[in-house]
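Single-structure report; data block below.
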Amino acid sequence: MPKKAAKNGFFYYMLEWKERAEASGRKTLSLAQVQEKAGPSWAAMNAAERAPYLEKAKQNKANGGNGVKLTSQGIPVTQIDAERREKEEHAASIIRRLKAMLDTASQNDTLESLDFYIISFAYFCVNSDGDYLPAEMAVVRFNLRDGVHDQLHMLINPGSLPLGMAYDAQQHANDDHQLPTPPNALGESDFDIINDKLLRFLGYNNGQIPLLFTERDDVAKVENMLQGIFSISVSKDQLGVGSLADMFFHLKRATEKHGLDTETFGSVHRAQLLITKDIYDYTVGIACDYHEANSNVKNCALSRCVRWGYVIADNCCMDLCIELQPGKHVPANADTTSQYATPAYSSSNNA
């Protein structure tokens, strides 16, 4: 029982530590992050220093616990549930915004010119706060009429790596983007410049930026790196990063209403399948100069964004009778005489 009381005392200490850290200007921290950061100082405290927190735990227990149930890591179950609900609501709000955009464009007959922003990052490593250190950023502006018609690409030098992370950063670089790691990293090191260029590209106006879409499994990583770049210029609530598959699926549903009587995408899994297949992964001429020169186009953030745009255009343009233009809707060497340039589309499985 004393061990359990100490754990509960630590819980109250974490709450106080979290409040102090965020009051000093640090970003919002989860209790999982607080547990890691506050642990050493708690361990160094003597009995007198711990006493106020243990007393709070004792009072809580005397009052029936008031529902403060902890996981095996000492994190309140209610906190875990609250964070999960927050993430789910945030994702749902992005879907609502996306569908509203599509509905408005369909009603105004402007679906073909509705711009979407597709984004991708490469990174060096993850620090002890759970923050990703960016190595490369790419964003493309895309619509069905013009295909991929504008782009922003930057290599990023995040500065010194956290102590002990050099090996992890080098291993990840070797396996993925193959960019030189700090202190030899390439690109822009001034995050204010990166912030300004990105906001201008996105048409930042009065605190509003457009929705951004990326690969489903990278949404949290992209959000994290964008928060580091934007700092205080764009709040967490203003930032909306959604799953590319969701955007693809709902856009396809919207275009099919104009051209087909049946739905060929039974669910978002169909869209995700085509994205995962990534049939244009080795297309040359669409990556940044560094990755083209080093024959690593597949792992270039810019190439990824362009390839995703190609797959979406390839599967949606026909519904609106838009002719595919090589280099904009599909690779420059694609055969646009076939019904679809993306072989995966012709699969009999319309999941």
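Sequential numbering from 1 applies to the sequence shown in the UniProt record's numbering.
Note that CB positions come from ideal geometry on N, CA and C, so glycine has one too.
Only a predicted model underlies this, so the values are computations on that prediction, with no experimental measurement involved.
Could you pull out every residue in the same chain whose Cβ sits closer than 7 Å to the Cβ of residue i, ignoring the five residues on either side in sequence?
i: G309; result: I118, V140, F142, G147 and V148
i: K298; result: D281 and Y282
i: F201; result: V139 and L152
i: A254; result: L102, S106 and L111
So who's on the other strand from residue i, going by DSSP bridges?
i: I118; result: V140 and F213
i: D150; result: R141
i: E188; result: I156
i: Q208; result: N205
i: P326; result: V330
i: Y123; result: P134
i: S113; result: Looking at the DSSP assignment, S113 forms no beta bridge with any residue, so it has no partner.
i: V222; result: According to DSSP, which records beta bridges pairwise, V222 is partnered with nothing at all.
i: V241; result: L212
Is residue j closer than 9 Å to residue i when the C-beta atoms are compared?
i: F124; j: A82; result: no
i: A245; j: I275; result: yes
i: Y12; j: A47; result: no
i: R307; j: L211; result: no
i: I94; j: V241; result: yes
i: Y290; j: L186; result: yes
i: C288; j: L198; result: no
Relative to the alpha-carbon of residue i, which residue among the options has its alpha-carbon at the smallest distance?
i: I209; options: H250, V126, H291 and D115; result: D115
i: N157; options: Y53, H177 and E188; result: E188
i: T214; options: L111, N294, A91 and M318; result: A91
i: D190; options: Q178, A135, V77 and C317; result: A135
i: A38; options: L29, W17, L54 and E49; result: W17
i: A271; options: K252, D218 and E88; result: K252
i: D150; options: K328, E55 and M45; result: K328
i: I286; options: E256, S30, P326 and V268; result: P326
i: N60; options: Q79, V34, Q35 and G9; result: G9
i: N174; options: N294, T337, A44 and A43; result: N294
i: S235; options: A43, Y204, L273 and P40; result: Y204
For residue i, which residues in the same chain have their Cβ closer than 6 Å to its Cβ, ignoring the five residues on either side in sequence?
i: A138; result: S120, H153, A301, L302 and C305
i: D192; result: none
i: A122; result: A135, E136, H177 and A301
i: M165; result: C125
i: Q79; result: L31
i: F248; result: A271 and I312
i: M225; result: F121, Y132 and P134
i: A105; result: L111 and L114
i: N108; result: none
Who are the near neighbours of residue i in its chain, counting only those whose CB is closer than 8 Å to its CB and skipping five residues on each side?
i: N195; result: I229, F230, S231 and S233
i: M101; result: L114 and L211
i: N127; result: L133, P162 and M165
Rounded to whole angstroms, how far is the Cβ of residue i from the Cβ of residue j, which I believe are closer than 8 Å?
i: E112; j: L144; result: 5 Å
i: G207; j: Q238; result: 6 Å
i: P182; j: G159; result: 7 Å
i: L324; j: C316; result: The pair is not a contact, with the Cβ atoms about 11 Å apart (cut-off 8 Å).
i: K87; j: H250; result: About 20 Å separates the two Cβ atoms, so there is no contact after all.
i: A21; j: L15; result: Actually they do not touch by this definition, with Cβ atoms about 11 Å apart.
i: Q33; j: G130; result: 6 Å
i: D319; j: H258; result: 6 Å
i: V219; j: S243; result: 6 Å
i: V330; j: T336; result: 6 Å
Between residue i and chain D, is the shortest Cβ-Cβ distance under 9 Å, so that the two count as touching?
i: L239; result: Chain labels in this structure do not include chain D; a single protein chain is all it has.
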